[in-house]
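Enquirer: One structure, pasted below without further comment.
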Amino acid sequence: QVQLVESGGGSVQTGGSLTLSCLASGNIFTIKTMGWYRQAPGKQRELVARITSGGSLNYADSVRGRFTISRDNAKNTVYLQMNSLKPEDTAVYYCNITVPMSVYWGRGTQVTVSS
């Protein structure tokens, strides 16, 4: 079994910062892509950022320049540093990893940004 455990969510004011972490554990041999998605109330889940095993990065236009994704392969952990947070960043943030022939999701962590 593979488990993803997110941490680091919380409530901040506009302009604040948070860092999310996601630890992947279990029967994992190769993680291809690690990423973060988010889902706001009444909206579809959307990609926030992802990083491949080779270090290639993808960011949503709405967060580029404010968020930074990174990964520690030795620890099977992916991070999301979020700066200059805005109320529209409020959502449940989900960790996601892809391994050969499978995709796994975390349970999500709430991020709330107040104005």
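In the working numbering, each residue carries its 1-based index in the sequence shown increased by 164. All residues carry an ideal CB built from backbone N, CA and C; glycine is no exception. As the structure is a computational prediction, the values presented were derived from the model and not from experiment.
Cα-Cα, which of Arg271, Tyr223, Asn237 and Val176 is closest to Gln167?
Expert: Arg271
Enquirer: Have a look at Asn268 and Val212 and give me their C-alpha separation to the nearest angstrom.
Expert: The displayed chain sequence assigns Tyr, not Asn, to residue 268. Rounded to the nearest angstrom, the two C-alpha atoms are 16 Å apart.
Enquirer: Between the C-alpha atoms of Gly219 and Ile195, what's the straight-line distance to the nearest angstrom?
Expert: 12 Å
Enquirer: Does the beta-carbon of Asp253 have 16 or more other beta-carbons within 10 angstroms, so that it is buried, or is it exposed?
Expert: Buried is the call here.
Enquirer: Give a yes or no on whether 9 Å exceeds the smallest Cβ distance from Thr216 to chain B.
Expert: Within the model displayed, chain B is absent; a lone protein chain is all it includes.
Enquirer: Can you give, in chain order, each stretch of the beta strand (DSSP E) that sits fully within the segment 188 to 218 and has at least 3 residues?
Expert: 197 to 203 and 210 to 216
Enquirer: Look at the Cβ atom of Asn260, then the Cβ atom of Ile192, and state whether they are nearer than 9 Å.
Expert: no
Enquirer: So, helix, strand or coil for Asp253, using DSSP?
Expert: helix
Enquirer: Would you call Leu184 buried or exposed, if buried means 16 or more other Cβ atoms sit within 10 Å of its Cβ?
Expert: buried
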